[in-house]
Structure formats: structure tokens, C-alpha cells
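Residue numbers (the numbering used here), protein chains in the order written: chain U, 42 to 475; chain L, 90 to 493; chain D, 127 to 464.
Beta carbons are placed, not taken as given, at the ideal position from N, Cα and C, and that holds for glycine.
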């Protein structure tokens, strides 16, 4: 007792903890952060200094070039006169030729159409990119290809509308037969669609066009160029390669040896050769393999080859997704009594595709960048436009860096955007899992 | 009495080909097989008809014809009087050369950058992410053009080395960095040099044996050997001794400015360097991402466990994290090697004479045999890719985690 | 979903019969326009202005042929083709003619089955060197690094020249003129070689053209001309005689300004036959009587076209040289119109 009282009397002990003292000067504030992060050891300091020096070199090389740049000149000679020996870019070439860089030789009066198609493309992609948006918008995504085609190539509206009708016909056939066999119904639907397109679209479209001539000024494929062609090739081939890629991936996983062999051979062949050789095939060899007398657009031939190329890679990405699914999912499907197509469609593919989204996005970025290779087979994409008509014009012969920097920047903006979006998607899907 | 209706149908009906899951597979395969055969047959038939109509034929005879053009970068002797076939071989070797060099440097760059991106050093980490993003998001073709052009503008021309007070000097008086390439001294193998080389190879084997022994010692007796100094000693001393004993049999031929260019020494051409740098930097950015992903995939607990054992950060990386990350990194790494090899076909943009530049470029243009040339080109790349893919599969099988 | 787009596009995109083997002239007339293959960009010969219209020396030939057929120089669809695909594109029927600084050689004519419609520009491969090198003749180029604009006969000529003269060189083949020029200016090569016309254009584009000289040696014969597929002689005649009409027009003093006036009839029977006021030369070709007049009105006679795009008054500043009329000591010699 007395002990306690003594303690109470000698109230020596604190009742509440001391407030934490600030760390010593050397361990806080920006100074500490700098020291701890950047100069924690000799090696680290050397790295920091090297990095700073590299940044200095880059900035000192690029900044004067951009700041002194000439934006208003009529030719490279004019540019040189204005710069008068200073280091600076001749950006006037971009100011004068940007429509060609973006649209190629697309008729000037029709730029609005191309822009509208571009804006609508984003509207169509939105429901795919942002899951929060109402699902009804997917209808627009489905219809967009036809609107986009009509806007860009022009001509009568009845062709894309009838093409759409063809798909509806195919779908109706599919729905009608779906009960019997999914695969058979799919084939029958595709066949019906092909027949409709092959036999009916032409005559009906010309008939309707003569009755109600709703048409836009037609534009030839060869007039399309610049970034527009990179965009068209990128989006079309990407979208087309997805279903083909899924089919190939399923084929590769299949138990049927011949189907599997065909898919494996196709995938390995395409993945084994550089895209540029496939483009050579599109530009010089494909014509030989078609019946004598037929010939179609270079752009269409290129779309075919790039789609084949992309779908092989896509197949591998999706196969990765399929392989990553636990075996239990397959077994669960079987135990519910679902047949192969049902379990694929309802259980396996939705999950596998979700897993493969990051790789699919990487393929999309790669594909978009690879569309620049078409410049090698004399298509006027943005690089073809730069290396061909613009750099050989009497006014601008001798300009070099400015145009390539511009093209690089445009690609960077789009690809970086896509990759950032994919990271966002990855994070979102990750949290959904946990 | 016996229920006839219960009798299993043993008979085979045609309808079962479609409706019976046992046979449906065969039907599909049969149809697919013949569809493919028909499709290819149709294409070949078209090609035959088209070629006949144009009065052309498919013939690889042009490969025996005289090429008529010169190639600067060559690993085997080649002059303009050699055949197109030999030109194609020169191209094949050049493709393999740049692919091989590129894979090595891209790996080094990729691993370094991948690790540095995770560094605590804010500036370095940011700089590395900028590098990765900038290279990954701009087409390779643009990079090749830009890098080649930067090199030829930043490095001095050989004429800058001329005169009383030249603007540029050779590094150590023996290496010339010019915008036409890099000139380094060429070793001259005199009599007795084989012995020096032999001694050098033997010392390499000895170093390998020493390391094996050191590990053995560490595991069995817990003793450590000073491996590094011993290795360096083994590497240098015997070779130097042999060199002087044999009377300095290995000389150096220095490059010297004669006429328009440096003569003598080994020239590494500017086009090779440009392509090499561009491919390495581009592929390196992708490899860096795989490396980063692989390192991050190693669970945090592994690092913490290693820390609690008292390992230092560098050791944790090299002994604990990287070996585990490698299993995740290697498959994408090899597919990057594959991509690099295929991307080397863009060499034509800088005038590097790889297979696409010789067979698919000048030979194709000279002879007009595009059909044959493109077929050969595809076959070549296919063989290379299949070889790399084969190696990859073998490797995957060996490093696969042996679970359960 | 977007996937369906391209399927639709595939179904409706222009599937047209090319008629690679049929009568090209009839095909062209039925189509209403000429499909002409040109270079993807060659200073002075085929370039595109800011509006996307093609112009240049080679382009003018296409326009003249279109004018001869349709009376309308704009009835041309230009297909820019690289030298890698040009013959394939022509043979596949995608284009009707090629006017793309293509050298007329034996193997192209005979082995590749092409038909050349004459020569519109006599060129030859030359060398461009910086003045500072103090080189005055190609014989002094021993050991030099040579930038080549590759993909044509250029490499072959170069290899032959150096082999015959027993001197060594380092070839640097570059695909496009822009890149090759970039390398040359950076000093990555001592010499730049391509056709002399290209060299003149390149030199003219430099910040200081006077610091570079074109060596006197021309090491090859490069007769450049328009061409068509083998086996359709009527079509070949249309191209050949349109070109000849332009050349003859210069010789006969017919220009785009006076052609209309002269076509009313003159004292010179050859002018009358050419312009269609006498005889029926047009009908023989399957064209209208005033075909040659239309071709001349399209861009002028040979001299006018030359002066507009590559002549001394342009930044390219090429002299007529070999491309003068035979009466002026050149090689242009149109066969008689009768």
C-alpha cells in the first residue's frame, strides 16, 4: 500500500506519451529524400549524375531545335533563309502538308466525312472500352463498320445497308438452327450470309440506288493515305483478327488431330515469317493466286494479309488465356452436360478472353505500329507519304527530321494512350478478382 | 418377350456422321481437310494459269546467274561476279549476324533497364520508364531511320581526322569512330599464335573448373575461395606468359586514314551499327518490361525472407529474385529474340544488306523473279523461327516447375 | 463486331475484271480513265503538290496519253509504285501503262515481257562529290564510299564501272533519295551516285549547291521511257505515238498555245497530218482525229513539258543535253507522221 502511495506522491511517470520528435534535419525534408533516394551510395550517386547528364544532353539537343523552329515558310530554302544559320526545325513543312500526312490524297472537300468517321469510331469503341456505359450502345458498335465504310469510301448507302441485312439474314439462319448444333448453325449462318452478299447485294443495291439515290461522292482506295490508312488498317485488322484468332486458338486446343494440325501449321507459319514478307505477298504474289482476270484493291489485299498475321498472334494470346484457366472450369462445363460449343461460349471463352486482355492490347499496339510497314510496298501511309511525295517535292526536298519526329509523336500519343488504358483495365479487372 | 426396342443399335447410319459425337469429329476433319486441299489446289491452279498467260515460269535458275552488284558488309568473300545464290548466302549470314548481336545487347539493355526501373532512385527509375515508353510506342521503322540518321550526323566523317589539327581524334590512337563505321585494330596471327590461343582457351576451361570446385567446396565444407581474383589471375597470367614465351606472335594492324577512308583494321559498318543499335534499343524496351514483370511476379515474401537471412540487396537480386524471375522472363524473352530476328528484315531502310536486302531487294529487282525470291525469303525466316521456337520449347520443358 | 466491317468491305470493294490480256485500249475507253503507274516521288519527274495533285515530267506523259484518248488530261488515275513492284503491278493489269523513269533494257523488254514506248528522257548514271574532295574525275575515286540509291540498275552499273577500271569502293545502298542525301550530306559517303537528272535535282536542293560538283563521267546509258505490257501492240502504239507526237510537235513548232490555231490547217502537210486536219492517222490508232492536238494541249510539246518541270528555269535546272532535238545535236528523233 505504502508503495502505491509513494508512487502516487512521486508522480514521476508520465501519463501520456511524448509527442514524437521530428527526425533530425539530416533525415527529413527534401534534402533527406534526395540524399536517401538519389545519393545513398557511391554507385547510386554515379547513376543519378549520369541520368541527369543524359537528360541535359537530350534537352539541350531538342529544345533549341523546337524553340527556333520555323512554322511559316514556303519552302526549305525560305526556312534556311529565316533560320540564318541557327539550329532550328523547319516545321513549316508540317504546317503546309499536314492534310496529306493525315488524309493522304483524300479529296479535300470530303475531309469532314473522314473526321466524322474518326469521331464515330471512338463512339463505337466507347462501350467496349468503358464497361460502365449502357450495353445498348453496343448496337452502335455493331452498326459502325457499315457507317464507317460508307463515310470513308462513299458511294451508295444501299451497299452497306444490304451488307448489314446480309448479316441479319445470317444471324436469323443461325438462331433458327442453333438448337440442333451450334457449329452447324454457325456454318449455315455464314453460308447464308455469303450467299446473300454474293448473289443479292449487287442487283438489289443497284435497283434501290436507282430508286432512292442516297449517295456520297465515292472515293477510290488509292486516294486514302496518311494516318488514315494506319487507322483503317489497324482497327479493321484488329477487329477481324479477333474472331479468327479465337477460332484458331480453339482449333489448336482441339482433340481433332487434323484440325489441330492445320491450326498449328497456320499459326507457326505466320508467326515464323516477318510481316514484310507477307506484305510482299500481298503486293506482288497474291494476284497470281486469284483466278485470271480478277483483281482487287491493294488495300483489301493488305487487310487480308495483316489480318492473317494478327490472327496468328491473337490465337497465341487467347491460347495463353485458355491454358491459364483451371481445368476445373472445363470439367464443370462437362458435368453440367453442356456440349463443347456451349461450354466454350458460356464458360471458357468469357474467362479466357478476360485473362488475355493485356496481351490482346499489346498485339493491338504492335499491329498499329506495324501498319507503317505498308510504306515499303508503296502504299501511302504516313511514312510512305513522307518518304514519297512530300520529301521529293521540289519545295521540301532536304527536310528530314521534322516529318519523322511528327509521325513518331503521333504514334506515341495513340499507342501510349492505348497502353495506359490497358494498364487501367488490368488494374480494374485485378480488383474484380479479389 | 425380349424387348426388341431395347436392343442397342449396332448399325451405322449416315446420319450418325453428323449427329453422333463419336463420328462428328471425323466428319468435320474430313471436310476441313478437303476444303484446305481444294483451296490450295485452286490457288496453285490459278497461279499456273496466270503464269502461263504471262509467258512466265517458276524457276530458281536465276540463283546461278551473276549477281553483278557489290556488298559492303560481308562475312564471306563476295564480288560482283559471284552468283545471286552467293549474294543470298551473304545476306543470310548478315541477318544472322545482326540478329545475334542484337539479341545479346537487347538482353543486356533489357535486364539492366528492367531492374533500374524498380530502383529507389527516382530520377533513374523515371528516366528508364521514359525510355521504355518512348521506344515501345513508336514504330520500329521510324526508330531505325532516326537512329541511323543521328549516328551519321553525330559522328565525324573520316575527313575530320585529316590535317594538322584534326577535328576528331582516334580513341587510344587505335580505334576510329566515324559515321561510316567503327574501325578497330585487326589481330595478325603470326607463327605460334595458335599456342597462345590454345593457352587462352585452356585457362577459360580452368576458370570454369575453378568455379565448379569453389561451389562444391562451399556446399560440402562451407569454405569459400576467393574466386574472382583467382579467375582474373588465371585469365591473364598464362596467356601473357605464353605470349612472351612464343615471342609476341600476335600483332595488331591499326586502321589508318588513307585516301577517302580508313584502311586496315576491322571495319564495323555504320549500317550494321545503326540497325544493331536500333534493334537493341527497341527490343530492349520490350525485354525490360518482361524483366520488370518477372521480378514483380516473384512474391514479396521471397525478398523478405532473403532480407531476414541478412543478404545484401544486390545478392538478393542475383541469388533469390532473378533466378525465380527467369522462369517467367525466359519465354517472352525468346519470343522477343524471334521478333528481333524478324524485325531485322527492315535492314533495307539503312542499306544493311541482309537477306531481305540481297535476295529480297537487289536480286529481286535485277531479275524480276519476285515470286521465287519471296518464297525463298519466307522459307528462310520460317526455318530460323522454327529453330528458335524449338530451342524455346526444350528450354521451357527443362525449367518447368516440377509440381506434384 | 467491327469484324463484320471488313467482310462487308470485302464483298463490295471493287472487284473488277482487269482484262490483263484483253484489248487494253478498249478497256481504258470503257473505264473512262487511264490507270498510269508513276514513281512514288522523284523530284521533277513525279511529285505531289499540297493539294495532292501529281505533276512532273513523267506525270505529263500520262496526262498526254489520257488527253490523246479522251481529250481530257485529267482522266488519269495515278498509281504510285515502287521499283520493287512496278512490273508486277503492270503485268497484273492494275495499271495500263508505267511512266516511271524506267530504263529500257534488253532483259526487261525480252525476259520480263514488257513493251517500251520509246524514250522520253536520255539519262545516265553520274557521280556527285563535294568540291572539298578535290576530285575531278571518277578515276580518282579509289577507295571511296559511294552512296547508291538502290533498287535499280544503279548498283550493276557501278559495280561494272569500278571493276573495269580496277579500282575499289565501298557501296552503301540506300532505298530512298531522301535518306541517301541525308547520308551524303553527313559525310557518311564521299560520293552519291544515281541518274544524272536525280543528281542535279539533289544538288539543287542543298543549302549550298556550289560546294558540290557532278563529275563529268556518265557511266551508263539510261534511256527512260513509258512502257506497257507485252502482247498488246495496239495499246503499245498509242503510247509510242503519243510520245512521238510530243517530240514531233516541238520539231514542227507546234506548241500548246498555237496548236488550236494550227489545227485549222497549215501549209505544212506533216503538221496537218499530226493535228488531224489531213489524213486519218487518229482513226488508224483507234482514236479521234484530233488525238495529237489534245495530247499537245495537255501540257505542251516536249520542250514545254521539259521546261516546266526540269528545265533550266526550274530549281532542278537540267540542260537539254542529249534530250535536245536531233536538229540541235540531241537524240530526240521522232519518226515521220505519215
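query, result
"Please name the residue in L/231, L/355 and L/225 whose C-alpha comes closest to that of residue 403 of chain U.", "L/225"
"Would you kindly check if the distance between the Cβ of residue 248 of chain D and the Cβ of residue 342 of chain D is under 8 angstroms?", "no"
"Taking the alpha-carbon positions, what's the residue 120 of chain U to residue 307 of chain D distance?", "18 angstroms"
"At which residue ranges does the segment 255-284 of chain L contain complete beta strand (DSSP E) runs of 3 or more residues, listed in the order of the chain?", "265-267, 270-273 and 275-278"
"Is residue 294 of chain D helix, strand or coil when you go by DSSP?", "coil"
"Give a yes or no on whether 8 angstroms exceeds the smallest Cβ distance from residue 290 of chain D to chain L.", "no"
"Within the 8 angstroms Cβ cut-off, does residue 449 of chain U reach chain D?", "no"
"Looking at residue 317 of chain D: is its Cβ nearer than 8 angstroms to the Cβ of residue 438 of chain U?", "no"
"In chain order, what are the residue ranges of uninterrupted beta strand (DSSP E) at least 3 long that sit wholly in the segment 249-333 of chain D?", "251-256, 270-275, 295-300 and 317-321"
"Please report the distance separating the alpha-carbon of residue 209 of chain L from that of residue 88 of chain U.", "12 angstroms"
"Evaluate residue 368 of chain D with the Cβ neighbour count: other Cβ atoms within 10 Å of its Cβ, from every protein chain shown; 16 or more gives buried, anything less gives exposed.", "buried"
"Taking only beta-carbon positions, decide if residue 456 of chain U is within less than 8 angstroms of chain L.", "yes"
"Compare the C-beta of residue 159 of chain L against all C-beta atoms of chain D and say whether one is closer than 8 angstroms.", "yes"
"Should residue 218 of chain L be flagged as near chain U, meaning a C-beta pair shorter than 8 angstroms?", "no"
"So with CB distances below 7 angstroms, who are the chain U contacts of residue 371 of chain L?", "Those within 7 angstroms of residue 371 of chain L in chain U number zero; the least Cβ separation is about 10 angstroms."
"Check each candidate in L/421, L/351 and L/433 and name the one with the smallest Cα separation from residue 251 of chain L.", "L/351"
"Could you tell me the distance, in whole angstroms, from the CA atom of residue 465 of chain L to the CA atom of residue 210 of chain U?", "44 angstroms"
"If contact means a Cβ-Cβ distance below 8 angstroms, which residues of the segment 428-459 of chain D contact chain U?", "440, 441 and 442"
"Under 7 angstroms Cβ to Cβ from residue 429 of chain U, same chain only, skipping five residues before and after it: list those, please.", "421"
"Counting along the chain, where does the beta strand (DSSP E) carrying residue 162 of chain D start and finish?", "160-165"
"Can you check whether the C-beta of residue 326 of chain U is within less than 8 angstroms of a C-beta belonging to chain L?", "yes"
"Quick check on the DSSP output: the alpha helix (DSSP H) that includes residue 293 of chain U runs from which residue to which?", "267-294"
"What are the complete beta strand (DSSP E) segments, minimum 3 residues, inside the segment 362-430 of chain D?", "none"
"Return the Cβ separation of residue 248 of chain L and residue 298 of chain D in integer angstroms, given the expectation that the two are a contact with Cβ distance under 8 angstroms.", "That pair is no contact at about 16 angstroms."
"Assuming residue 198 of chain L contacts residue 424 of chain L under a Cβ cut-off of 8 angstroms, what Cβ separation, rounded to an integer in Å, is found between them?", "About 17 angstroms; that fails the 8 angstroms criterion."
"For residue 384 of chain U, collect the residues of the same chain with a Cβ closer than 6 angstroms to its Cβ; drop the 5 residues on either side in sequence, then sort them by chain order.", "374"
"At the 8 angstroms Cβ level, is residue 297 of chain D part of the contact set with chain L, yes or no?", "yes"
"Reducing DSSP to helix, strand and coil, say where residue 367 of chain U ends up.", "coil"
"What are the boundary residues of the beta strand (DSSP E) that includes residue 348 of chain D?", "348-350"
"Only counting the same chain, and skipping five residues up and downstream in sequence, which positions put a Cβ closer than 7 angstroms to that of residue 214 of chain U?", "229, 230 and 233"
"Answer with yes or no whether the minimum CB distance from residue 454 of chain L to chain D is below 8 angstroms.", "yes"
"Using a Cβ-Cβ cutoff of less than 8 angstroms, which residues in the same chain neighbour residue 344 of chain D once the five nearest sequence positions on both sides are dropped?", "250, 251, 252 and 322"
"Near residue 463 of chain D, what residues of its chain come up, given a Cβ to Cβ distance below 7 angstroms and the 5 sequence neighbours on each side ignored?", "374, 396, 399, 400 and 407"
"Do you know offhand how far residue 147 of chain D's Cα is from residue 279 of chain U's?", "Here the model assigns residue 147 of chain D a pLDDT of 48, short of 50, so the residue's position is not dependable and the matter cannot be decided."
"Which runs of the alpha helix (DSSP H), 4 residues or longer, sit entirely within the segment 391-471 of chain L?", "411-432 and 453-456"
"Hey, would you say residue 164 of chain D sits closer than 8 angstroms to residue 172 of chain D, going by beta carbons?", "yes"
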